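Residue numbers (UniProt numbering): 1 to 131. For every residue, glycine included, the Cβ atom is placed at its ideal position computed from N, Cα and C. All of these numbers come straight from a predicted model, not from anything done at the bench. Contents: one structure, followed by commentary.
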């Protein structure tokens, strides 16, 4: 069964042919800035499994580092998906329509979390990224 998602204004929509896996919350400074929050909750997808259904002209891609980038809606600013070396490899869990079928089971880059943030309780935590 396909997973669907959209931005806050509903203009950009997507479909994933497959399942989400390895959900995490990233606390690095780039993810905090991109999400406007203490972390960015995401789940991995298999490369080539996401297709844009509508609003592709409204997508903006921001290359946050040499290898990493993010797609977001240029109208409402919602973060939608991320790229690694030019390939979409994850989606923002907040953009998924309905229940995503995964739970955030680890928090990564806790070594660079904001000083004002309280660490989560009963969840795996890593100072850097962990597979």
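(message) Let me check one thing: in DSSP terms, what residues is residue 152 bridge-paired to?
(response) Since the first and last residues shown for the chain are 1 and 131, residue 152 lies out of range.
(request) Kindly confirm or deny that the segment 36-43 and the segment 53-65 touch, where touching means at least three C-beta pairs closer than 8 Å. (result) no
(request) With a 10 Å radius around its C-beta and 16 neighbouring C-beta atoms as the bar for buried, classify residue 107 as buried or exposed. (result) buried
(request) Could you name the residues of the same chain whose beta carbon sits closer than 6 Å to that of residue 126, not counting the 5 residues immediately before and after it, in chain order? (result) By the criterion of a C-beta distance shorter than 6 Å, residue 126 is surrounded in its chain by 108, once the five residues flanking it on both sides are discounted.
(request) Taking 7 Å as the cut-off, decide whether the C-beta atoms of residue 83 and residue 69 are in contact. (result) yes
(request) Starting from residue 68, follow the beta strand (DSSP E) in both directions and report where the run begins and ends. (result) 68-73
(message) Distance check for residue 85 and residue 124, CA to CA, integer angstroms please.
(response) 27 Å
(message) Whole angstroms are fine: how far does the CA of residue 9 sit from the CA of residue 51?
(response) 18 Å
(request) Kindly give me the distance between the Cβ atoms of residue 81 and residue 96, rounded to whole angstroms, as I take these residues to be in contact under 8 Å. (result) Not confirmed; about 11 Å, so no contact.
(request) With DSSP as the reference, label residue 26 as helix, strand or coil. (result) strand
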